[in-house]
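No gaps in the numbering here: position 61 of the sequence shown is 996 in my numbering, and each next residue is one more.
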Amino acid sequence: MQARVVTHMFTEGGRWRIAALAPDQRARLTGRPPAQTPVAPGEITPLDRALVTRLAHNGRAPYQALAHDLGVSLSTAKRRLEQLTRRGLLRFRCDFARPLGGWPVSVTLWARVPPADLPEIGHALIQLPETRNCAALTGPHNLVLQASLHSVSDVLRLETHLATAHLSLDIVDRVITLRQDKLLGHLLDPHGRSVGVIAPDLWAEAAV
């Protein structure tokens, strides 16, 4: 097993959009979040861990249900959740059944790029509608791109575009995923719908 360190995250899956809504429609739904002063991550408490576990099963759980399950007051549940999000330790995202939504295939590409070209190429790649994750890495293959696609034939189309648009980018390996059985802790059926949850404990001690 080999590990690589992410030195810069150009984009991550939570920012990906399927363009089902026009920009003005998205603006009406989301509004403009209030400016927040950066807060140090701080210490994770047992209550925080229990709260995240509950939310992993139901990210739409109301404060009252969370307070009841955790045995705390409504104000405590709300305060802890707000602190986790403000400190950048918890983020909500909405995904969809990708095969049913027309994006059944995903591909992970590892590439070699001259370090001086990484910022420009990385920012160009995140403009592609298929890009879900893009990061600079340590090691000989210093760029990884994960993209959602409509079909397997789109893999060649994507690689051809990258090769012609970015001459210094050299794709050295690729992995195509035709079906996902688990995603972000959710067990998926063949159509990509959630049928169960295996909630991860991100702060558990590593197994020896």
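Cβ atoms here follow ideal geometry from the backbone N, Cα and C, with glycine treated the same way.
Report the option in the options whose CA atom is closest to the CA atom of residue i.
i	options	result
ASN993	ALA962, GLU1017, CYS1029	CYS1029
PRO1125	LEU1035, GLY1057, LEU1078	LEU1035
SER1063	GLY948, GLN937, MET936	Before going further, note that residue 1063 is Leu rather than Ser in the sequence given. The candidate whose alpha carbon is nearest that of LEU1063 is GLY948.
ARG1047	HIS943, ALA1070, LEU1078, ALA1032	LEU1078
LEU1137	LEU1119, ARG1015, HIS1076	LEU1119
MET944	GLY1131, ASP983, ASN1068	ASN1068
With which residues is residue i paired in a DSSP beta bridge?
i	result
CYS1029	Paired residues: none, contrary to the question.
ASP1105	ARG1047
VAL1079	TRP1045, ALA1070
GLY1131	LEU1122
What distance in whole Å lies between the Cβ atoms of residue j and residue i, which are believed to be in contact at a cut-off of 8 Å?
i	j	result
THR942	THR1073	6 Å
ALA1012	LEU1005	6 Å
SER1083	TRP1038	4 Å
Take residue i and list the residues in its own chain whose beta-carbon comes closer than 8 Å to its own, dropping the five residues that flank it on each side.
i	result
ARG1026	GLY949, THR1020
ASP1105	ALA1046, ARG1047, VAL1048
HIS1085	GLY1037, TRP1038, PRO1039, VAL1040
So, for residue i: in the same chain, excluding its five sequence neighbours on each side, which residues have a beta-carbon less than 6 Å away from its beta-carbon?
i	result
ASP1108	TRP1045
VAL940	THR1073
LEU1053	ALA1071
Only counting the same chain, and skipping five residues up and downstream in sequence, which positions put a Cβ closer than 7 Å to that of residue i?
i	result
GLN888	Coverage of the chain is limited to positions 936 through 1143, which leaves residue 888 absent and any answer about it impossible.
I'd like to know if residue i contacts chain B, where contact means its C-beta is closer than 9 Å to some C-beta of that chain.
i	result
ALA1098	Of the protein chains in this structure there is only one, and it is not chain B.
With respect to 8 Å, is the separation between the Cβ of residue i and the closest non-hydrogen atom of the ligand FMN below this value?
i	result
HIS1085	No copy of the ligand FMN occurs in the structure displayed, which carries no ligand at all.
At least 3 beta-carbon pairs within less than 8 Å: the region 1107 to 1125 vs the region 1041 to 1061: The region 1107 to 1125 vs the region 1041 to 1061: in contact.
Cβ pair count under 8 Å reaching 3, the region 1127 to 1137 against the region 975 to 990: For the pair of segments examined, the region 1127 to 1137 was found to touch the region 975 to 990: the number of CB pairs separated by less than 8 Å reaches three.
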